[in-house]
Amino acid sequence: MSNSGPRFFAWCDEPERIDALAAALSALVIPEYAISLMMSASLRCRTCSIDEALAMVRAHFGGLKSAHVGSSVRPNDSKRVMRLSLACYPEESERDHPYGPLNAKAGERKWDFYPYEIPVGRGPRSVEAEAAAAYHVVQGDVEDLLLRLCAPDTSGRVPTGACTGEEDWIAPVAMSATYNTNAAELARDLALSWVSLHDKESVSRIAGTSLEALRARVDAAPRGARVPMKGTSELTGSLSRETVLKALATPPATLLEALEAAAVPDDTWRAAEPKARELMELRRQLDDEAAGEVPPAFWVDITTREHTRFLEEHAPFHVRRLPSGGVLLATHPYRTLWPLWADALFVLGLMS
């Protein structure tokens with residue numbers, strides 16, 4: 053797990069990357085907050101104007117000159133303000149070292165983004181409820197920031213993107229959230245994952261590959277070929293070439309409905325939810341200066357291995373159909389999307 057906040061990634065064609073950066077900056081940076089821009093050791097500026105920063109980017113972006121922006125972001129309309137790091141890389145730089153081509157990070161340190169403590173009452177403690185409350189604190193922020201990076205407007209410049217609690221853009225099914233501008237191409241996540249894992253390809257380099265080209269690459273693999281996955285059973289411990297091809301041949305609406313059906317929280321999570329909502333309400337009362345007298349409470353550490361493990365194993369999945377026609381799949385950054393995909397593929401009879 054990274055020592056910083058989650059990382060967000062987005063892909064788009066090189067000619068549109070500066071426009072994509074401009075739209076993301078407008079959607080993410082708090083107006084009139086200081087912006088620092090670095091493009092090389094000698095190309096730097098500090099300003100409160102997004103337009104001024106972008107003028108330097110447009111004048112010098114390309115080759116090995118990438119744009120690195122530092123500013124502040126307020127996630128999900130909350131009161132919290134945290135450090136934002138946003139980078140945009142040209143194609144030549146991506147070929148040398150794949151980082152993006154657009155990526156963002158919220159918070160300089162891990163606990164800038166994730167809560168490290170939560171208030172509880174005087175009664176018996178519940179690790180499960182405390183972890184579930186921690187999920188609710190950050191989950192909306194994860195989805196909000198990913199959409200502000202990938203879909204800040206209706207241009208559709210960014211066809212796909214993702215989020216992870218780790219450092220790199222790896223197989224989409226091993227990420228904690230993915231965005232696709234076209235729900236009809238949701239199987240791209242599965243095909244990208246296969247090609248990345250089987251052919252040892254960087255997702256950052258191949259994320260813009262057409263669905264037809266990805267299908268051809270999967271089809272070209274030997275029959276019976278499999279790639280290892282982190283699963284909880286023999287069935288979910290690997291992904292086969294045949295499963296991916298069958299998923300690509302499945303009507304997109306059927307695949308999306310199966311994912312939605314698989315996104316139901318498990319019994320363990322549902323059992324923790326009522327107490328978690330009590331904890332969230334207690335936190336709201338403590339934060340509300342006008343709330344008057346509130347029940348006695350004390351703050352407890354929620355960064356323990358027990359809390360983390362509960363989120364890794366039980367954090368629910370969110371399948372979100374977007375008004376634009378896109379789709380977002382998400383869970384807590386401590387978990388991956390593979391269990392969601394594995395359940396949906398199993399129900400459809402596609403796992404082999």
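Going by my numbering, the first residue of the sequence shown is number 53, and it counts up by one from there.
Built from N, CA and C at the ideal position, the CB exists for glycine as well.
These numbers were taken from a predicted model, which means no experiment stands behind them.
Can you tell me the Cα-Cα spacing of Val279 and Ala273, whole angstroms?
-> Stepping through the sequence shown from its first residue, residue 279 is reached at position 227. Stepping through the sequence shown from its first residue, residue 273 is reached at position 221. Straight across, the Cα-Cα distance linking Val279 with Ala273 is about 11 Å.
Considering only residues of the same chain and omitting the five flanking positions on each side of Ser137, which have a CB-CB separation below 7 Å?
-> On the sequence shown, position 85 is the one that residue 137 refers to. Cβ neighbours of Ser137 beyond the five flanking positions: Gly122, Ala156 and Lys157.
Can you tell me which of Val371, Leu297 and Ala349 puts its alpha carbon nearest to the alpha carbon of Leu392?
-> Your numbering for residue 392 matches position 340 in the sequence shown. For the set Val371, Leu297 and Ala349, the Cα lying nearest the Cα of Leu392 is the one of Val371.
Measuring alpha carbon to alpha carbon, tell me which of Trp163, Asn128, Asp319 and Glu253 ends up nearest Asn55.
-> Your numbering for residue 55 matches position 3 in the sequence shown. Distance check between Asn55 and each of Trp163, Asn128, Asp319 and Glu253 places Trp163 closest, using alpha-carbon atoms only.
Out of Arg322, Trp246, Ala315 and Ala268, state which residue places its alpha-carbon closest to the alpha-carbon of Ser290.
-> Residue mapping note: residue 290 aligns to position 238 of the sequence shown, counting from 1. With respect to the C-alpha of Ser290, the residue from Arg322, Trp246, Ala315 and Ala268 having the closest C-alpha is Trp246.
Can you tell me where the alpha helix (DSSP H) with Val190 in it begins and where it stops?
-> Position 138 of the sequence shown, counted from the start, is the residue given in the question as residue 190. Per DSSP, the continuous alpha helix (DSSP H) segment holding Val190 begins and ends at Val179 to Cys202.
Burial state of Val133, where buried means 16 or more other Cβ atoms lie within 10 Å | The residue you call residue 133 lines up with position 81 of the sequence shown. Exposed.
Is it buried or exposed for Phe350, if we count other Cβ within 10 angstroms and need 16 for buried?
-> Locating residue 350 in the sequence shown gives position 298, where the first residue counts as 1. With fewer than 16 other beta carbons inside 10 angstroms of its own, Phe350 counts as exposed.
Assign Glu169 to one of three DSSP states: helix, strand, or coil.
-> Here residue 169 corresponds to residue number 117 of the sequence shown, with the count starting at 1. DSSP, reduced to helix, strand and coil, places Glu169 within a strand of the structure shown.
State yes or no: is the C-beta of Ser228 within less than 8 Å of the C-beta of Leu389?
-> As a first step, residue 228 is located in the sequence shown; it is residue number 176 there, counting from the start. As a first step, residue 389 is located in the sequence shown; it is residue number 337 there, counting from the start. Yes, Cβ-Cβ distance for Ser228 and Leu389 is below 8 Å.
Taking the alpha carbon of Arg373 as the point to measure from, which residue in Pro385, Arg329, Glu309 and Ile258 has its own alpha carbon closest?
-> Start at 1 with the first residue of the sequence shown, and residue 373 comes out as number 321. From the listed residues Pro385, Arg329, Glu309 and Ile258, the smallest Cα separation to Arg373 is found for Glu309.
Mind checking Arg293: buried by the 16 CB within 10 Å criterion, or exposed?
-> Counting from one through the sequence shown, the residue named residue 293 turns up at place 241. So Arg293 counts as buried.
Nearest-angstrom Cα separation, counted from Ala236 out to Pro204 = In the sequence shown, the residue the question calls residue 204 occupies position 152. In the sequence shown, the residue the question calls residue 236 occupies position 184. Cα to Cα, Pro204 sits roughly 20 Å from Ala236.
Measure the beta-carbon distance from Leu311 to Leu198 and round it to whole angstroms, keeping in mind my assumption that it falls under 8 Å.
-> Residue mapping note: residue 311 aligns to position 259 of the sequence shown, counting from 1. Residue mapping note: residue 198 aligns to position 146 of the sequence shown, counting from 1. Between Leu198 and Leu311 the Cβ distance is about 17 Å, and since that is not below 8 Å, they are no contact.
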